[in-house]
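Before any comments, here is the structure.
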Amino acid sequence: MIDDLEKKGIVFRENDPEDRRKVLISLTDKGLEYCDYFDKVINEILAVMDQYDVEDYLRSLETMVTILKKTTHRGI
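Sequential numbering of the sequence shown, starting at 1, is according to UniProt numbering.
If you want it as structure tokens, here you go:
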């Protein structure tokens, strides 16, 4: 996943100067532009949703994050 983002110029890797075993992943300017764009889109969507829809949306996001964490730890 990170390889794909790096190939697309969205993130870059650098060695951690304090721990050679670690690699730091950071957003490029292009990656920051994507974040700004998606932040605006999400805010526009949330602005027209009622409280219950927003709560459902947030629960769905929490579920997806939980699933991603579980599958990532299993190497899927």
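All C-beta atoms in this analysis are idealised placements derived from N, C-alpha and C, irrespective of residue type, glycine included.
Tell me the DSSP bridge mates of residue i?
i, result
"Ile25", "Arg13"
How big is the Cα-Cα spacing for residue i and residue j?
i, j, result
"Ser26", "Leu32", "10 Å"
"Phe12", "Met1", "12 Å"
"Glu18", "Thr28", "22 Å"
"Asn15", "Lys8", "20 Å"
"Lys22", "Lys69", "19 Å"
"Tyr52", "Ile42", "16 Å"
"Met64", "Leu24", "24 Å"
"Lys30", "Asp3", "16 Å"
"Ile67", "Tyr57", "15 Å"
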